[in-house]
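End of the sequence shown = 266 in the working numbering, gap-free, step of one.
C-beta atoms are modelled at their ideal positions from N, C-alpha and C, and glycine is treated no differently.
Bear in mind the structure is a predicted one, so any value in this text is a computation, not a measurement.
Contents: one structure, followed by commentary.
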Amino acid sequence: MIKLVVSDVDGTLLRGGEQTLPKEAVETIHALKEKGVLFVAASGRPYADLKHLFGNVAEEIGFIASDGAFVSYQSEVIGRFPIDREAGFSFMREIYMETEAEVALYGSYLAYMLPKSEHFAAYFRETMHHHVERVSCMKRVPEEYLKIGIYHAEDVQRYAGAVAAYWNHKFHNVYTSKNWMEYTAAGVHKGAGLDKFLVTFGIAPQEVLAFGDNKNDKEMLALAGCSYAMSSAAEEIKAFCGYETDNPIKTIRVLFGL
């Protein structure tokens, strides 16, 4: 019997460029709660951004934020897995000083930036829905370092990949795209965040239903007893799943008879 449903957000719950949670998703989360099933949203986004996105329903669900570095349930923190502050600062300083890439830092409640260009400042502020603070030095960030992002408008691997590679043994490269490389502490990912829920609530992996679409979902999908990959996902992600879907909410409603 499924006791927990966990889903990636961007590209999975939010599809086709959606920026607000569909009404059907909110209704489905309510219906799952009535059946005694815990719903967990798993994302690379910071916790504050996720709470804003889920609105009133945020108090009913669990969150795996910052790719597993921050785990909460009904606004109560049940796990934080930060990057070592000294190592994280050294990493960011080296990227900032020795490459043309931009650096972003994610805490529990805000993201932080020390932009080299106003273009990046505006872009990152919009991306984070204004849950971002500009600082003069990353050492002055009052929060724990949960995730570090490296950005370049053209090709982040070309401009910062060689420097970043030196740090790969210290951190977990949780996400890479043409423009972004993102890092959590070693061993921290959505799968680790999901495992925290399983231990906390006494749920077995075979009692978990998971949905995802990207590289940063693979550990979570592999841990869950029943996993669905989005139809648009890469083949390497589909390999972790037994099933595919193009609409997770519709699939949940069918499976639970909602």
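Is the distance from the Cβ of residue i to the Cβ of residue j below 8 angstroms?
i: residue 217; j: residue 200; result: no
i: residue 76; j: residue 221; result: no
i: residue 52; j: residue 190; result: yes
i: residue 67; j: residue 80; result: no
i: residue 73; j: residue 54; result: yes
i: residue 111; j: residue 122; result: yes
i: residue 88; j: residue 78; result: yes
i: residue 71; j: residue 29; result: no
i: residue 210; j: residue 234; result: no
i: residue 205; j: residue 91; result: no
i: residue 225; j: residue 198; result: yes
i: residue 103; j: residue 171; result: yes
i: residue 109; j: residue 168; result: yes
i: residue 175; j: residue 99; result: yes
i: residue 65; j: residue 37; result: yes
i: residue 21; j: residue 46; result: no
i: residue 230; j: residue 219; result: no
Tell me the residue span of the beta strand (DSSP E) that contains residue i.
i: residue 84; result: 84 to 88
i: residue 161; result: Per DSSP, residue 161 belongs to no beta strand (DSSP E) and is neither H nor E.
i: residue 14; result: 12 to 16
i: residue 70; result: 70 to 73
In terms of residues, what are the limits of the alpha helix (DSSP H) holding residue i?
i: residue 228; result: 226 to 231
i: residue 208; result: 198 to 209
i: residue 126; result: 126 to 135
When DSSP labels each residue in this structure, what does residue i get in the three-state scheme?
i: residue 93; result: helix
i: residue 166; result: helix
i: residue 52; result: coil
i: residue 265; result: coil
i: residue 101; result: helix
i: residue 146; result: helix
i: residue 58; result: helix
i: residue 46; result: strand
i: residue 78; result: strand
i: residue 248; result: coil
i: residue 29; result: coil
i: residue 118; result: coil
i: residue 21; result: coil
i: residue 107; result: coil
i: residue 151; result: coil
i: residue 178; result: coil
i: residue 195; result: coil
i: residue 212; result: coil
i: residue 222; result: coil
Under 8 angstroms by Cβ, that's how I've got residue i and residue j pegged, so tell me the actual separation to the nearest angstrom.
i: residue 242; j: residue 252; result: In fact, because the Cβ distance is near 12 angstroms, the residues do not count as touching under 8 angstroms.
i: residue 146; j: residue 119; result: At roughly 12 angstroms, the Cβ-Cβ gap does not stay under 8 angstroms, so residue 146 and residue 119 are not in contact.
i: residue 50; j: residue 14; result: 5 angstroms
i: residue 182; j: residue 192; result: 5 angstroms
i: residue 114; j: residue 59; result: Not quite, the Cβ-Cβ distance comes to about 14 angstroms (not below 8 angstroms), so this is no contact.
i: residue 69; j: residue 48; result: 6 angstroms
i: residue 117; j: residue 152; result: Wrong, their Cβ atoms sit about 10 angstroms apart, outside the cutoff.
i: residue 161; j: residue 142; result: Incorrect: roughly 18 angstroms between the Cβ atoms, too far for contact.
Does any heavy atom of the ligand FAD sit closer than 7 angstroms to the C-beta of residue i?
i: residue 19; result: Among the ligands in the structure shown, none appear at all, so the ligand FAD cannot be discussed.
In the DSSP output, what is residue i paired with across the bridge?
i: residue 190; result: 157, 183
i: residue 234; result: 217
i: residue 259; result: Looking at the DSSP assignment, residue 259 forms no beta bridge with any residue, so it has no partner.
i: residue 113; result: 120, 156
i: residue 140; result: 119
i: residue 253; result: 238
Does the CB of residue i have a neighbour CB from chain B at under 8 angstroms?
i: residue 80; result: Of the protein chains in the structure, only one exists, and it is not chain B.
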